[in-house]
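Okay, so here's the structure we're looking at.
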Amino acid sequence: MKPPKPSTFDPVGSDPEALESWLDQMDSYFVLAETDETDKNEKVLTASFYLAGKAMSWYRTDKAKLTSWEEFKKRMKSYFIPSNYRIVLVQQWDKLEWQKGQTVTQYSTEIKSLALKLDKSDEDKIHKLVFRGNPRFITQLVTQMSTADTLAATDATVDKYDAIEKIALNLEQAIAIADAARPPRQFVPRTPPTSGSLTASGSFNRTPRASPAPEGNWRSSTPTNRSITPSSSTRVPEHVPYIPNSIPYGLSEAEYLRLREAKACFYCKKENVDPSHNYKSCPKRQANLERKMKQEEMNFVDESKIMEADIYQYEPSDSYSVPTTTASPSSSPVPPIIVSATLDNHAVRGPADSGASSNFVSPQVVQRAKLRMHPTTPSLLRQALSKTPVYISKQITANVKLANGIPIKKPSTFKVAPLASHEVIFGMPFLAENNLLIDPVARKL
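Be aware that the sequence shown starts at 0, since it is given in numbering that gives the first Met the number 0, and climbs by one per residue.
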């Protein structure tokens, strides 16, 4: 059998999965080809013909160290796969759960794909499918797990996870058929209160029902006992406003009715205002919010100035020092990977650091861009070689756009902290939330 030749591997624009796939393809090629080169353990030389770009440059540099095919695969993975790749996969596995509207097939495909990369056992996959899957299936899947165990024990070709997946597929189909046959639910609209139930104090009272006539007089022909209230009297007059169950803005029922009748603002209580003047757009409320925001910024700047001397003298320089195995006077610091981006359309630059436990932004950027700060749980940030911790109590939430065009799914949170060398630091939370990896070869995300 003559297998087709493998594809050429070029690391530019490819992800770690492409390298894993290419190595598996080379393994299969060596097994099926059975050439003299494979018998003489010249697999490394054969594989070098299918390298291109930076992969070929790496091979020329480390050629002397690639003594075997296993050593070739080990060193190639170590060089081209980012150090935080497995951390990102583990975080994706921990967050993986069934989403509303997702089918069993779609959810199971995600489970098997991540489990293959992380070498997860069948028990781990089954736990994800049963207990983190569609909640409508949990009870029935747990009760039928013994059936899957029996089927897997009697037939060696049947995988336990595949058996439970098949049961989940049958349950999904049965529930879909039952839901389609069920008549649609009918909702009875709620009747607004009548004018007779509204008292002068603004509260509602129910009209008590008249007591039934005695059993011996139920056939009485007296008109007063058999009078029927006209249907027109039960209609709601147009001038009576409808009051919701939960009255907004902390107002009482009487005050709510009075302000609504006078067409007043619910915040400043000014009557006969323009229709565009409401609670949210009230000038008095906007002025109070701006005053409160400026006061918070002034308090934060005062805190930063107090700790500025201790922080800046211990802040590292524009480069990160990378420890080496042997101390050498010629060793030089490796500059970090600097990322250009915008926070709410304001340009910033800073390193991408997978070792940072949070995202940080300097107070200078917050003031210059007029970003709105929010209080956060107070914490202490300890700087290397510094005995004085930095007190952090503010954070911002901003839309991030990377200069290289990588789409960011949702707004990111940054803790406001004094930074001496950079405007912003993109930490591990930013990388994990957006499934970003650091490419040490191309020096980019």
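All C-beta atoms, glycine included, are put in the ideal place defined by N, C-alpha and C.
| Item | Value |
| --- | --- |
| Proximal residues to Gly349 (C-beta, below 6 Å), its chain only, five neighbours per side dropped | His421, Glu422, Val423 and Ile424 |
| Span of the beta strand (DSSP E) around Ile395 | Val389 to Ala397 |
| Secondary structure of Leu150, DSSP reduced to three states | helix |
| Separation of Met25 from Glu16, as counted between CA atoms | 14 Å |
| Stretch pair the stretch 105-112 + the stretch 50-70: three plus CB contacts closer than 8 Å | no |
| Cβ-Cβ distance between Val389 and Leu401 below 8 Å | no |
| Euclidean distance between Cα positions of Val235 and Ala180 | With a pLDDT of 49 at Val235, under the threshold of 50, the modelled position of that residue is not reliable, and no figure is offered here. |
| Integer-rounded CB distance, given that Gln363 should sit under 8 Å from Thr375 | Their Cβ separation, rounded to whole angstroms, is 19 Å, which puts Thr375 and Gln363 out of contact at 8 Å. |
| Lys414 - containing beta strand (DSSP E), residue span | Ser411 to Val415 |
| N-terminal and C-terminal residue of the alpha helix (DSSP H) that Leu250 is part of | Per DSSP, Leu250 belongs to no alpha helix (DSSP H) and is neither H nor E. |
| Per DSSP, cross-strand counterpart(s) of Met372 | Ile395 |
| Residue range of the alpha helix (DSSP H) that includes Ser107 | Val103 to Leu117 |
| Sequence-distant residues of the same chain with beta carbon closer than 8 Å to Ile407, five excluded per side | Asn398, Val399, Lys400, Leu401 and Asn433 |
| Proximity of Leu258 and Lys268 at Cβ, strictly below 8 Å | yes |
| Proximity below 8 Å, CB of Pro417 to CB of Ser339 | no |
| Simplified DSSP assignment, three categories, for Ser339 | strand |
| CB contact flag (Lys116, Lys124, <8 Å) | no |
| Nearest neighbour of Gln294, chosen from Gln366, Tyr78, Leu128 and Ser356 [CA to CA] | Gln366 |
| Contacting residues, own chain, Cβ-Cβ under 6 Å from Arg442 (five flanking each side not counted) | Ile336 |
| Three-state class that DSSP yields for Asn216 in the structure shown | With a pLDDT of only 48 at Asn216, under 50, the local geometry of the prediction cannot be trusted, and no value is derived from it. |
| Cβ pair Pro81, Asp352 closer than 8 Å | no |
| Proximity below 8 Å, CB of Ala128 to CB of Ile174 | Here residue 128 is Leu; the residue named in the question, Ala, does not match the sequence. Not closer than 8 Å, so no. |
| C-beta contact flag for Gln90 and Ala355 at 8 Å | no |
| Extent of the continuous beta strand (DSSP E) to which Ala346 belongs | His345 to Pro350 |
| Inter-residue Cα distance where the pair is Ser120 and Leu140 | 19 Å |
| Whole-Å CB distance - Trp97 paired with Gly132, under 8 Å assumed | 5 Å |
| Cβ shell of Val428 (< 7 Å), same chain only, five flanking positions each side left out | One point to set straight first is that residue 428 is Pro, not Val, in the sequence displayed. Within the same chain, Pro428 has close Cβ partners Ser357 and Asn358. |
| According to DSSP, residues forming a beta bridge with Ile424 | Phe359 |
| Pro377 and Thr396 closer than 8 Å at C-beta | no |
| Exposure label - Ala167; buried when at least 16 CB within 10 Å | buried |
| Enclosing alpha helix (DSSP H) for His126 [first to last residue] | Asp121 to Phe130 |
| Residues bridged to Phe8 [DSSP beta-bridge criterion] | Leu50 |
| Where Ser82 sits in the DSSP three-state scheme | coil |
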